[in-house]
Structures are given as C-alpha cells and as structure tokens.
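In short: position in the sequence shown from 1, add 64, done, that's our numbering.
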Amino acid sequence: MRPAFDEIYMELADSIARRSHCVHRQVGAVLAKDTRIISIGYNGPPEGTHNCDEEWPEKGCPKDSKGSCSLALHAEQNALLYAMKNGADIKGSTLYLTLSPCLACARLLYSAEVKKVVFRHSYAAYKGLACDEGVDFLRKFGVEVIQYPAQS
Numbered sequence: 065m066r067p068a069f070d071e072i073y074m075e076l077a078d079s080i081a082r083r084s085h086c087v088h089r090q091v092g093a094v095l096a097k098d099t100r101i102i103s104i105g106y107n108g109p110p111e112g113t114h115n116c117d118e119e120w121p122e123k124g125c126p127k128d129s130k131g132s133c134s135l136a137l138h139a140e141q142n143a144l145l146y147a148m149k150n151g152a153d154i155k156g157s158t159l160y161l162t163l164s165p166c167l168a169c170a171r172l173l174y175s176a177e178v179k180k181v182v183f184r185h186s187y188a189a190y191k192g193l194a195c196d197e198g199v200d201f202l203r204k205f206g207v208e209v210i211q212y213p214a215q216s
C-alpha cells in the first residue's frame, strides 16, 4: 500500500526533529503545498550562534524572563523563515509538526496564510498548560488543525 502524504510528511517531521540541538525537546516541521515540500525546519538557535547541546549539554541554553529558551527558534519559525528566504509561496500550505504550535507561532502561521496544521503531540501537555492556545487560536480564525495519531 502506498502511504498517504500525511503519513510521509509526519514521518519526515519526526526524522527532521532529530537534527535539533535542543537538550529539552526536539521538534520537526515540514511545510508542504500541493503534495510538494516547500520547506523544513527544526527547533534550535539561529544560525551562527550556539548549539545548546554543545555549549550547555547539561541544562541547555539560558532561560529568558518567561522561563523559555533564550536562543531557540521554534521548528515552524525556521520552516517559515527558510521558505520566505527562498521566495516560496506559503499561502494555502499545510504545516506538519511534531508538537502543536505555541500561541506566538500560531499567530505567525495565521499571518503567513497557512491553511492547515497537522501535529503529533500537544504543546499544552508538554508544558503542563490547561489548553493548547495556539491550536485554539488557529481554529478560531478558520485554520484547519488536526492532531495526527501519536507514535507508539
């Protein structure tokens, strides 16, 4: 049986996540449109700065005032940035993520006119939050959001 594109892109997002230098959580993203991959991304520091697992292997990078990683770009941010740098048409695309988007990333995805987000794991569950604010935001403004079945 031929795998569905959702399956292929989620497996690729899982593989891409392993490229992350984050010592806390590795996240992967695949941005696709019309059955073609237009960009990929994983969480980590901006190019040319520090790799957290090399610079701070025990604890990861220093935390910001809200307790988040001070250097990290999220996987979806990296995927969007790479697509924009290369002039890709993002409007109407689908983003596959290993972790649902946070609220800040959801606002970026909505502004970039991503039409669908497929994610594997919940950001809220990972962070111990009451709800997935990013997912709720996207759904409120008409973006289709689907949780893909988690791996065993």
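The beta carbon of each residue, even a glycine, is placed where N, CA and C say it ideally should be.
Inset, instruction - Count the other CB atoms, across all protein chains shown, that sit within 10 Å of the CB of residue 74; report buried if there are 16 or more and exposed otherwise. - result: With 16 or more other Cβ atoms within 10 Å, it is buried.
Legend entry - Under 9 Å between C-beta atoms of residue 140 and residue 93: Yes; because the gap between Cβ atoms is below 9 Å, this pair is in contact.
Legend entry - Cβ-Cβ distance between residue 163 and residue 190 below 9 Å: Yes, the pair counts as a contact, with Cβ atoms nearer than the cut-off.
Inset, instruction - Check whether the Cβ atoms of residue 204 and residue 156 lie closer than 9 Å to each other. - result: Against a cut-off of 9 Å, the Cβ pair of residue 156 and residue 204 comes out as no contact.
Legend entry - Anticipated Cβ contact below 8 Å, residue 117 with residue 85, distance rounded: Rounded, the Cβ-Cβ distance is 5 Å, consistent with contact.
Inset, instruction - Report yes or no: is there a C-beta of chain B within less than 9 Å of the C-beta of residue 112? - result: Protein chains in the displayed structure number just one, and chain B is not present.
Inset, instruction - Ignore the nearest five residues each way along the sequence and tell me which others in residue 216's own chain have a CB closer than 7 Å to its CB. - result: Any reading at residue 216 is ruled out, since the residue's pLDDT is 45, under 50, leaving its predicted position unreliable.
Inset, instruction - Using DSSP bridges, identify the partner residues of residue 210. - result: As a beta-bridge residue in DSSP terms, residue 210 pairs with 182.
Legend entry - Terminal residues of the alpha helix (DSSP H) in which residue 135 lies: According to the DSSP assignment, residue 135 belongs to no alpha helix (DSSP H), since it is labelled neither H nor E.
Legend entry - Among 87, 185 and 105, nearest to residue 126 - alpha-carbon criterion: Each of 87, 185 and 105 was checked against the Cα of residue 126, and the nearest Cα belongs to 87.
Legend entry - Neighbourhood of residue 197 by C-beta distance below 6 Å, restricted to the same chain and skipping five residues each side: The residues are 167.
Legend entry - Alpha-carbon to alpha-carbon, residue 211 and residue 180: Here the alpha carbon of residue 180 sits roughly 11 Å from the alpha carbon of residue 211.
Legend entry - Closest residue to residue 148 among 186, 176 and 107 (Cα-Cα distance): Residue 176 is the option with its Cα nearest to residue 148.
Inset, instruction - Specify, as a first and last residue, the run of the beta strand (DSSP E) that residue 159 falls within. - result: Taken as a continuous stretch (DSSP letters only), the beta strand (DSSP E) holding residue 159 covers 158 to 163.
Legend entry - Buried or exposed (CB count within 10 angstroms, at least 16 for buried), residue 150: When all chains shown are included, residue 150 counts as exposed.
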